[in-house]
Structure formats: structure tokens, C-alpha cells
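Undergrad: Numbering (the numbering used here), first residue to last: 24 to 198. Every residue, glycine too, gets a C-beta built ideally from N, C-alpha and C. Right, I'll just put the structure down here and ask away after.
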């Protein structure tokens, strides 16, 4: 039998009690992301095998490492975030006991109706930041640098253009 460290329990309860309901909900969702194994959006994979001919990163690092977290893809939103959103309110109600006596007066009944819209708003801001952060790191390589072969320009104009593939993939994920 273990004895509870009551001061530690109370400190944890106070810490959790200071968090807004939306902050606790976001923390629960973020912790579930790790087990969901969502596939990240890989810029180089979506642009295709000739992506390296047209694109590079602003800082010179590997294009293959440029990704948008899977949570901010269409599959991440529809297959993970929305189902989490539908369960999160009940999870928070069920976990009120963790907050101890103070959690019972935590105003959860007042905050629950605003929770869904607030979480969707937060997600939208995080979504935009994730995509803008990734795309802000992307730049075109000089396409006329390799004259007279113009390999990069040929790749850009090809029917399977990395440019077209990437823009189509981005539109599919963000529309």
C-alpha cells in the first residue's frame, strides 16, 4: 500500500485548477496525438521525385525534412481531431474528480457550451500557423541557372510538374 503525497496531490490539483477548460481539453487532445500515428504532410513527397530541382528551403536544410504535422492535414482533422472533439467534453466531466473539491466548483457547466467553438478556433489558428510556418521555409531554386539544358524549367513545365503536384496536394489538404 502506497501513501499519497498529499502536498504533491494538492499542488497538482491547484495547477490543473488554474488551467482553463479549453487549455485542459487542448492538452488532452495533444497527448492523444502521439498515439494516433498521423501521417505528416511531406513537401518533398507530395511534390514528387523532381522536387529537388525546383524547391529548396530558405535555411538550406533538407527539403525532405519539411513537413506539416499530421494533425493539420485533412485526415488529421476529419479522422482524429473531430472525433476527439466529440469526446472531449465527456472526458473533462469524467476527470473532474482529479481536481479535488475545488474542481467541483470549477464552472465546468458554464464553460462547456463554449468549449467546442473555442477549440475549433484554436485549431484553426494552429492549422494556419503550421502551414504558413512550413510554406514560409520553401523557396524556388533559380530555374535558368542550368542553361542550356534548363532541367529545372523542363521539370516545372512537365505534365507531372513538382509545382503542380505540390500546389494540388496543398489545395487538397487545406480547402
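Just how far apart, CA to CA, sit residue 33 and residue 95?
TA: Indexing the chain shown from 1 puts residue 33 at position 10. Indexing the chain shown from 1 puts residue 95 at position 72. Computed Cα separation, rounded: 36 Å.
Undergrad: In the DSSP assignment, what residue or residues form a beta bridge with residue 162?
TA: For the purposes of this step, residue 162 is identified with residue 139 of the chain shown, where counting begins at 1. Partner(s): 79.
Undergrad: Please specify which runs of the beta strand (DSSP E), each continuous and at least 3 residues long, are wholly inside the stretch 58–119, giving them in chain order.
TA: DSSP runs (the beta strand (DSSP E)) wholly in the stretch 58–119: 78–80.
Undergrad: If I measure Cβ to Cβ from residue 166 and keep anything under 8 Å in the same chain, skipping five residues before and after, which residues do I get?
TA: Start at 1 with the first residue of the chain shown, and residue 166 comes out as number 143. Closer than 8 Å at Cβ, skipping near neighbours: 77, 173, 175, 176 and 179.
Undergrad: Going by the CB atoms, is the gap between residue 55 and residue 138 shorter than 9 Å?
TA: Translated into the one-based positions of the chain shown, residue 138 becomes position 115. Translated into the one-based positions of the chain shown, residue 55 becomes position 32. No, the pair does not count as a contact, with Cβ atoms beyond the cut-off.
Undergrad: Just to confirm, are residue 61 and residue 102 a CB contact at a threshold of 9 Å?
TA: Your numbering for residue 61 matches position 38 in the chain shown. Your numbering for residue 102 matches position 79 in the chain shown. Yes.
Undergrad: Between residue 90 and residue 66, is the Cβ-Cβ spacing less than 9 Å?
TA: Locating residue 90 in the chain shown gives position 67, where the first residue counts as 1. Locating residue 66 in the chain shown gives position 43, where the first residue counts as 1. Cβ distance < 9 Å, so residue 90 and residue 66 count as in contact.
Undergrad: Leaving aside the five residues before and after residue 114 along the sequence, list all residues of the same chain whose C-beta is less than 7 Å from its C-beta, in chain order.
TA: Translated into the one-based positions of the chain shown, residue 114 becomes position 91. Cβ within range, chain order: 51.
Undergrad: For residue 28, which three-state DSSP category applies?
TA: Indexing the chain shown from 1 puts residue 28 at position 5. Coil, per DSSP.
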